[in-house]
Structures are given as C-alpha cells and as structure tokens.
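Asks: Submitted below is the structure of interest, expressed as structure tokens.
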Amino acid sequence: MGVTSPIYLDHHATTPVDPRVLERMLPFFVSEYGNAASASHGFGWRAAQAVEGARAQVAALIGARPTEVAFTSGASEAINLALLGVARAGMPGRNHIVTQVTEHAAVLDTVSALEREGFRVTRLGVDEAGRIRLDELARVLDAHTLVVSIMFANNEIGTLQPVREIGRLCRTAGAHFHCDLTQAAGWASVDVDALGIDLAALSAHKLYGPKGVGALYVRRRRGAVPLVPVSFGGGQEGGLRPGTLNVPGIVGLGEASAIARDQGPREAVALRQLRDRLHRRIVEGLPGVRLNGCPDRRHPGNLNLSVDGVHGEALIGALPDVALSGGSACASASASPSHVIAALGPDRGRAAVVRFGLGRSTTVEETDDVAGRFVEAVTRLRAVARPGHREARAAGL
Ligand code: PLP
Numbered sequence: 045m046g047v048t049s050p051i052y053l054d055h056h057a058t059t060p061v062d063p064r065v066l067e068r069m070l071p072f073f074v075s076e077y078g079n080a081a082s083a084s085h086g087f088g089w090r091a092a093q094a095v096e097g098a099r100a101q102v103a104a105l106i107g108a109r110p111t112e113v114a115f116t117s118g119a120s121e122a123i124n125l126a127l128l129g130v131a132r133a134g135m136p137g138r139n140h141i142v143t144q145v146t147e148h149a150a151v152l153d154t155v156s157a158l159e160r161e162g163f164r165v166t167r168l169g170v171d172e173a174g175r176i177r178l179d180e181l182a183r184v185l186d187a188h189t190l191v192v193s194i195m196f197a198n199n200e201i202g203t204l205q206p207v208r209e210i211g212r213l214c215r216t217a218g219a220h221f222h223c224d225l226t227q228a229a230g231w232a233s234v235d236v237d238a239l240g241i242d243l244a245a246l247s248a249h250k251l252y253g254p255k256g257v258g259a260l261y262v263r264r265r266r267g268a269v270p271l272v273p274v275s276f277g278g279g280q281e282g283g284l285r286p287g288t289l290n291v292p293g294i295v296g297l298g299e300a301s302a303i304a305r306d307q308g309p310r311e312a313v314a315l316r317q318l319r320d321r322l323h324r325r326i327v328e329g330l331p332g333v334r335l336n337g338c339p340d341r342r343h344p345g346n347l348n349l350s351v352d353g354v355h356g357e358a359l360i361g362a363l364p365d366v367a368l369s370g371g372s373a374c375a376s377a378s379a380s381p382s383h384v385i386a387a388l389g390p391d392r393g394r395a396a397v398v399r400f401g402l403g404r405s406t407t408v409e410e411t412d413d414v415a416g417r418f419v420e421a422v423t424r425l426r427a428v429a430r431p432g433h434r435e436a437r438a439a440g441l
C-alpha cells in the first residue's frame, strides 16, 4: 500500500470517527431524532433506549455499572463536574486536594479555581520519566485530603501513572480518587473497581468517536462518592448534568467504547511495535534526539522527542504533509515549552519538542515515510543553523 499525504500522526489531539461508529449514529440524526426525555411517544422511548444501551457500553469499557455513568459534553466538562461536584458536596474536616503538575489544564485550572475558593492544594512534581513518586504522595495524604486527581496516561508524553498504587493509597487515606482516563480509554484495559478509582472522565473524540460528547464515572457502589451538580436545569442524568441529551453523540460514544473494548488491547500491541519502529529509525538516523516520557510505561501510540539543534516551529514547518504536534494539542500554538516538558527537567524544553501520536489507521509505510522525512528535515535544518553555514551564505558563497 502506498503512502498518501498528508499523514495524520496527531491522535492524542483527536481521532477520526470510525466508520462503524458513524453508521450507528446516522439514524439518530435523521429518523430516530426523538428527545430521550420525551416519555409520551416512541421517538422518545427509542432515543432513551439507545442512550441506555450506550451507557451500558461505556460502563463495560471501564468496569463500571451503567448507573455509575453520566454523559457530558466531553472530558473537560466531566473533570469540572467531578472536582467541583465533590468539593461542593464536601466531607467534614476535608479541604485538601492533591494533583500533579503534568495534568491537563481541565484538571489544573479547576483545582486552581477551588484553591481560590479556599481549598488547600498540593501539586506533586514528577521524575524525569514523568511519573509521580508514590512515597511523596503517601507523605502528603492526610486526614484532611478530600480528593486526589491523577491521570492515567499523559496527553503529551504518554507516561502512565501507577494508578493501582495511587488507588490503594487514596483508599487508606479515605480520600476520593479521580482519574482522567481521556488518553487511556480506547486501548488500555481499565477496571475502575480493581484500580480503586472513584471518579473518572473520558471523551469520545479520543477513541474514534465524535467530538462534543464524553462521560463521567461516579462510584455508586461500596464507598459511593457524594457529588452535587454544578449546573442546573432539567433532571437529566439523575439531576447531575442537566440539558437535552446529545443522542447521536452518545450512541457514537457507546459504539466507540464497544469497539475499543473488543479490539483496543490487541490494537495497542501493534501500535507499540509501530511506534518503537518509528523511534528506532529516527534515532538511528539522527544524533541529539531524546525521548520524553517513560521508556516502558507509556501510551502505545505516543512518541515525544526533544531534538537538539533545531527550532521547533521550523521543524514542524519543514514537514507540511505530516500532521504532528509541537506539544499538547492545546499548547501547540505556543512557542514556549509546555508545562509537561518543563516538569521533566530544565534542559528538555530548550530543544525542539515534537509529539508523534499514532493511531488505528497508521501504517508501517506511513511511519517509515515519516521517519525518513523527519531525519532529512532535521539534518537540513541543522546544517542551515550551523554558524559556518550562515556566514558562508551571508558572504554569498
Ligand atoms: N484530559 C486529557 C488528558 C486530554 O488529553 C484532553 C484533551 O486534549 C482533555 C482532558 C479534554 O478533553 P475534551 O476535549 O473532551 O474536553
């Protein structure tokens, strides 16, 4: 199979909708367009039934019960609801929140808003692989800790956090554990109960579903989490998240979850091999390239590299037919190193940072092609940036 341009390697930013997902969604735009809250006719019943089917599919993906899943507009909203909702519900004597510096802005900014409201916040640093130190977490947890928010997989460097151990420490401290599953749901085998997760956010557009829909898992079993709504209106989603349900989107998230449950872990094995092959080809062709993130415990499609001797924007610009990111999707427009790269050590952000995000449709031909183009572009840019070369050009040589 030949390579067609452009090549999409930005699957952490978003994924294409899987055709099987789109097919399931389409009737809910044009023929089954009922409001899932309309109980007086078949259009409403069928929409409600489809929503409940999707709820069961999402729950099955993460080992939850359907009653523990509420639909939202995406992971950002789910995270806001989890953290603000648990903080406002409160627990006597507990006003301490723990998170880590490499979280997504949806967590960091929500926690900062709660800090302004009077909550005490601890932001854990990470080691050079991007992992929190469990002894440090154990040290900061106390009888006042209300909630700990640590992600499963990082969106920039792919590093996986020791989620099971974090769950255990939270349980011992009597604190709720919120885990952002946005970059993990779809390929990782996640069992929220076994991992001790109490609250979790995920997003359809990161797992080959549509944009604008996500879900929040809230533990309702043993150790149920008290959570209050943060927006008000109709009684949808048990009163937790009001507003007319996005039925086609929810059906899409359900189908994407079912596909991910079926083929995600298998896909992850192939993705990891492809990703490692891309990495190998780049480092064989170029000196001065370092991996950002954990070498072994990492998102299987993630390859984040610091490249010495070139400018990040120039490098991305030299590869116009490859959709890559210079950092996270959210920070890619900014020239300064992202907060995630900066957290790994002072020298990382001085080099150009490039994130490759491989996905379901990425082929070996594409990665080999990209590796070749990447090596060629860096070699060319380094030659141009060499002082002797600049002087020669200035002298018209
Ligand atoms: N959390 C992580 C780790 C992400 O990567 C993202 C999106 O980039 C989000 C949360 C926000 O997701 P959404 O776009 O569904 O609001």
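In my numbering, the protein residues as written are 45 to 441. Even for Gly, the Cβ is constructed at its ideal location relative to N, Cα and C. Quick caveat: nothing in here was measured; it's all calculated off a predicted structure.
Is the separation between the beta-carbon of V142 and that of T166 shorter than 9 Å?
Replies: Going by C-beta atoms, V142 is nearer than 9 Å to T166.
Asks: Report yes if the C-beta distance between S82 and A91 is below 9 Å; otherwise report no.
Replies: Their beta carbons are under 9 Å apart, which means S82 touches A91 by this criterion.
Asks: Mind checking whether the beta-carbon of Q144 lies closer than 8 Å to any heavy atom of the ligand PLP?
Replies: Outside the cutoff, so no.
Asks: I'd like to know whether the C-beta atoms of V257 and I210 end up nearer to each other than 9 Å.
Replies: Contact: no.
Asks: Please specify which runs of the alpha helix (DSSP H), each continuous and at least 4 residues long, are wholly inside the segment 114–183, giving them in chain order.
Replies: Runs found: 119–133, 149–160.
Asks: CA-CA distance, V113 and F73?
Replies: Cα to Cα, V113 sits roughly 23 Å from F73.
Asks: Is H249 near the ligand PLP - that is, is its Cβ less than 8 Å away from at least one heavy atom of it?
Replies: True, at least one ligand heavy atom lies under 8 Å from that Cβ.
Asks: Please say whether E410 and L181 have beta carbons closer to each other than 9 Å?
Replies: No, the Cβ-Cβ distance between L181 and E410 is not below 9 Å.
Asks: I need the boundaries of the beta strand (DSSP E) containing G401, first residue and last residue.
Replies: Per DSSP, G401 belongs to the beta strand (DSSP E) from 396–401.
Asks: Take E299 as the anchor and find which of I51, F400, R68, A415 has the nearest alpha-carbon.
Replies: With distances taken between Cα atoms, E299 lies closest to R68.
Asks: Along the beta strand (DSSP E) that carries R285, what are the first and last residues, could you check?
Replies: Unbroken run through R285: none, as it is neither H nor E.
Asks: Examine the ligand PLP and report whether any of its heavy atoms sits within less than 8 Å of the Cβ of T226.
Replies: Checking every heavy atom of the ligand PLP against the Cβ of T226, one is found closer than 8 Å.
Asks: Let me know the secondary structure DSSP gives G258 once reduced to three states.
Replies: Three-state result, G258: strand.
Asks: In this structure, what does DSSP give as the bridge partners for D413?
Replies: Answer is none; D413 lacks a bridge partner.
Asks: Distance, Cα to Cα, A387 vs A131?
Replies: The alpha-carbon atoms of A387 and A131 are separated by roughly 27 Å.
Asks: May I ask you to report which of helix, strand or coil DSSP gives D340?
Replies: It is coil, neither helix nor strand.
Asks: What span of residues does the beta strand (DSSP E) with H85 cover, start to end?
Replies: Segment: none, H85 is in no beta strand (DSSP E) and carries neither H nor E.
Asks: Hey, how far is the Cα of V274 from the Cα of G129?
Replies: Between V274 and G129, the C-alpha separation is close to 6 Å.
Asks: Report yes or no: do three or more beta-carbon pairs, one from the segment 354–361 and one from the segment 413–429, lie closer than 8 Å?
Replies: A contact exists between the segment 354–361 and the segment 413–429.
Asks: Would you say the beta carbon of V234 comes nearer than 8 Å to a heavy atom of the ligand PLP?
Replies: No; taking the cut-off as 8 Å, the Cβ of V234 has no heavy atom of the ligand PLP nearer than that.
Asks: On the DSSP letters alone, give me the boundaries of the alpha helix (DSSP H) that A72 sits inside.
Replies: One detail in the question is off: residue 72 reads as Phe in this sequence, not Ala. Unbroken alpha helix (DSSP H) run through F72: 71–74.
Asks: So for A91, helix, strand or coil by DSSP?
Replies: In the structure shown, A91 sits in a helix (DSSP, three-state: H, G or I).
Asks: Drop a sphere of 10 angstroms on the beta-carbon of G77, count the other beta-carbons inside from all chains shown, and report buried for 16 or more, exposed for fewer.
Replies: Note on identity: in this sequence residue 77 is Tyr, with Gly being the wrong assignment. Counting Cβ neighbours within 10 Å, Y77 comes out exposed, since fewer than 16 surround it.
Asks: For T154, which residues from the same chain have a beta carbon less than 7 Å from its beta carbon, with the 5 sequence-adjacent residues on both sides left out?
Replies: Only I123, N124, L127, L128 meet the Cβ criterion.
Asks: Looking at C-beta atoms only, is the number of pairs between the segment 99–115 and the segment 332–345 that lie closer than 8 Å three or more?
Replies: Judged by Cβ distances under 8 Å, the segment 99–115 makes no contact with the segment 332–345, as fewer than three pairs qualify.
Asks: Within its chain, find whatever has a CB closer than 7 Å to the CB of S378; leave out the 5 residues flanking it on each side and keep chain order.
Replies: Only weak support exists for where S378 lies, its pLDDT of 47 falling under 50; the coordinates are left without a value.
Asks: Nearer than 8 Å: is that true of the beta carbon of V95 relative to any heavy atom of the ligand PLP?
Replies: V95: no, Cβ never under 8 Å from the ligand PLP.
Asks: Could I get the ranges of all uninterrupted beta strand (DSSP E) runs contained in the segment 217–247, with 3 residues as the minimum, in chain order?
Replies: 220–224, 243–247, all fully within the segment 217–247.
Asks: Using C-beta distances below 6 Å, list every residue in its chain close to L239, excluding the 5 sequence neighbours before and after it, in chain order.
Replies: So the qualifying residues of the chain are V207, R208, G211.
Asks: Residue range of the beta strand (DSSP E) that V291 falls in?
Replies: Taken as a continuous stretch (DSSP letters only), V291 belongs to no beta strand (DSSP E), being part of the alpha helix (DSSP H) at 291–329.
Asks: To the nearest whole angstrom, what separates the beta carbons of E159 and M195, a pair I think is in contact under 8 Å?
Replies: Not quite, the Cβ-Cβ distance comes to about 19 Å (not below 8 Å), so this is no contact.
Asks: Starting from the C-beta of D242, find all residues in its chain whose C-beta is less than 6 Å away, skip the five residues before and the five after it, and write them out in chain order.
Replies: Counting only Cβ-Cβ distances below 6 Å, and skipping sequence neighbours, we find H220, F221, R263, V269.
Asks: Can you give me the Cβ contacts of H56 inside the same chain, cut-off strictly under 6 Å, excluding the 5 residues immediately before and after it?
Replies: Excluding positions up to five away in sequence, the list reads N199, G401.
Asks: Check whether the Cβ of N198 sits closer than 8 Å to any heavy atom of the ligand PLP, and report yes or no.
Replies: Yes, Cβ of N198 sits closer than 8 Å to a heavy atom of the ligand PLP.
Asks: Alpha carbon to alpha carbon, how far is V291 from G329? Give it in angstroms, no decimals.
Replies: Going by the C-alpha atoms only, they are around 49 Å apart.
Asks: With hydrogens ignored, establish whether the beta-carbon of E311 is closer than 8 Å to any heavy atom of the ligand PLP.
Replies: E311 Cβ: outside cutoff for every heavy atom of the ligand PLP.
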